[in-house]
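Enquirer:
Protein chains: 2
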Amino acid sequence: MERVDSKLLKLLQEDASRTNADLAAEVGLSPSSCLRRIRRLKSAGVIDRVVALLNPAKAGRGMKAIVTVELERHGEQHMRRFLELAVMEPAVIQAYSVSGSTDAVLMLRLMDMDEFDTLCERLFRDRTNVARYYTMFVIRTAKETTAIPL
Amino acid sequence: MERVDSKLLKLLQEDASRTNADLAAEVGLSPSSCLRRIRRLKSAGVIDRVVALLNPAKAGRGMKAIVTVELERHGEQHMRRFLELAVMEPAVIQAYSVSGSTDAVLMLRLMDMDEFDTLCERLFRDRTNVARYYTMFVIRTAKETTAIPL
DNA sequence: ACCGGCTTGCAATATTATTGCACAAGACCG
DNA sequence: CGGTCTTGTGCAATAATATTGCAAGCCGGT
Numbered sequence: 001m002e003r004v005d006s007k008l009l010k011l012l013q014e015d016a017s018r019t020n021a022d023l024a025a026e027v028g029l030s031p032s033s034c035l036r037r038i039r040r041l042k043s044a045g046v047i048d049r050v051v052a053l054l055n056p057a058k059a060g061r062g063m064k065a066i067v068t069v070e071l072e073r074h075g076e077q078h079m080r081r082f083l084e085l086a087v088m089e090p091a092v093i094q095a096y097s098v099s100g101s102t103d104a105v106l107m108l109r110l111m112d113m114d115e116f117d118t119l120c121e122r123l124f125r126d127r128t129n130v131a132r133y134y135t136m137f138v139i140r141t142a143k144e145t146t147a148i149p150l
Numbered sequence: 001m002e003r004v005d006s007k008l009l010k011l012l013q014e015d016a017s018r019t020n021a022d023l024a025a026e027v028g029l030s031p032s033s034c035l036r037r038i039r040r041l042k043s044a045g046v047i048d049r050v051v052a053l054l055n056p057a058k059a060g061r062g063m064k065a066i067v068t069v070e071l072e073r074h075g076e077q078h079m080r081r082f083l084e085l086a087v088m089e090p091a092v093i094q095a096y097s098v099s100g101s102t103d104a105v106l107m108l109r110l111m112d113m114d115e116f117d118t119l120c121e122r123l124f125r126d127r128t129n130v131a132r133y134y135t136m137f138v139i140r141t142a143k144e145t146t147a148i149p150l
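Sequences listed follow chains Z and R, in order.
Just so we're aligned, residue 1 is where the first sequence starts under UniProt numbering, counting upward by one.
Just so we're aligned, residue 1 is where the second sequence starts under UniProt numbering, counting upward by one.
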């Protein structure tokens, strides 16, 4: 990957709504050439997609929580089953299986505590094979970027 | 917020590269009206910005880790100082101060273990006021969305 | 130096976004 | 009820932007 591509990716990760001519000028290329590079990056899958990011508070989801989960019975089968459950929840925006003594980590986007409460009932109730879970509510967000460092 | 706006937001969170006419048709509005709604959402700050999402593996950052941090000395001052350090690291893509017995949580995007190693040296060394930290490496990503549920 | 593959810039063309304007839907008030 | 003010809408013209064909330039291999 060349220097120009990396520059383009960096810019597009910051703001993908800029015009092609604008980007072209910044990286020192002609608009057509610039566009072709971007298209190549897209079809190569380096650029996965372009999305709008909302302001969580203004979208009514100002509360965020991180939950670590330890399962009762471990193993591929049980892990998969739990993650399937978690993935179905709209409030779950990230769900990972992880190494270490905790089995899974969930990132939640919540409206309020009530939503958290009902979510817990659905995910961590008796039959869901969850031995214990630990919730950390986000107090301050110091950094939160979708940009992958280049 | 109306039904149409919420529909638009949902669509734009999935794919912000669609043409205005396309979106307009899907929500049953004329292109001009649709465009004005989107612009209103932007200037109201509901839509924060639009960005390109990269494929982490293809961008050379396939490794992901979640780190919980407990500080030696607690309190606003020390917390702020630690977060300032963390935020400066490009590999740190999310940094939160949280409630509970752990003080902060970091989300890392890494190239390899070497990078993790050197990062730890910088962030968790003696003088950084970190009492203990626990790292969970992401084994499987079951869900990872930037979309806020509406 | 020469060839082949790939990238570039330019200019023409096609798409798409944007704006002005007249009209329709409520909300509010006499 | 009728008036009127605010807000949103669709249409059509216009402006901005993306896209393509093509000739030329660059670069590595021989």
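Backbone N, C-alpha and C define an ideal beta-carbon position, used for all residues, glycine too.
Being a predicted model, the structure only gives us computed values, none of them experimental.
1. What does L9/Z reach in chain R if we use C-beta pairs closer than 8 Å?
2. Tell me, please, whether the CB atom of F124/R is closer than 8 Å to any CB atom in chain Z?
3. Quick check: the Cα distance between V138/R and M63/R, rounded to an integer number of angstroms?
4. Just to confirm, is the Cβ distance from V51/Z to V92/R under 8 Å?
5. Output yes if chain Z places a C-beta closer than 8 Å to the C-beta of S43/R; else output no.
6. Would G75/Z count as contacting chain R if we go by Cβ distances under 8 Å?
7. Is the CB of L118/Z under 8 Å away from at least one CB in chain R?
8. Does A52/Z come out as helix, strand or coil in the three-state DSSP assignment?
9. Assuming contact is defined by CB atoms lying nearer than 8 Å, are P56/Z and I66/R in contact in what I supplied?
10. Using CA coordinates, which residue listed in K58/Z, M88/Z, V27/Z is at the minimum distance from M111/Z?
11. Rank P90/Z, D5/Z, L9/Z by C-alpha distance to the C-alpha of E144/R and give the top, closest one.
12. Name the residue from R18/R, L8/R, Q13/R whose alpha carbon lies nearest to the alpha carbon of L29/R.
13. Just to check my reading of the structure: A130/Z and L35/Z have Cβ atoms closer than 8 Å, yes? What is that Cβ distance to the nearest angstrom?
14. Roughly how many whole angstroms lie between the Cα atoms of G75/Z and D5/R?
15. Can you give me the C-alpha to C-alpha distance between L123/R and M113/R, rounded to a whole angstrom?
16. Look up T64/Z in the DSSP assignment and give the residues it is bridged to.
17. Quick one: Cα of D48/Z to Cα of V69/R, how far?
18. Determine the chain R residues that contact R49/Z at a beta-carbon separation under 9 Å, and present them in chain order.
Expert: Short version:
1. A52, L54, A59
2. no
3. 7 Å
4. no
5. no
6. no
7. With the sequence shown as reference, residue 118/Z is identified as Thr, and Leu is not the correct amino acid for it. No, its Cβ sits nowhere closer than 8 Å to a Cβ of chain R.
8. strand
9. no
10. K58/Z
11. P90/Z
12. L8/R
13. Residue identity check: residue 130/Z is Val in the sequence provided, not Ala. With 8 Å as the limit, V130/Z and L35/Z do not qualify as a contact, their Cβ atoms being about 50 Å apart.
14. 43 Å
15. 15 Å
16. The question names Thr, but residue 64/Z in the sequence shown is Lys. Its beta-bridge partners are R109/Z.
17. 32 Å
18. E14, D15, A16, S17, A52, L53
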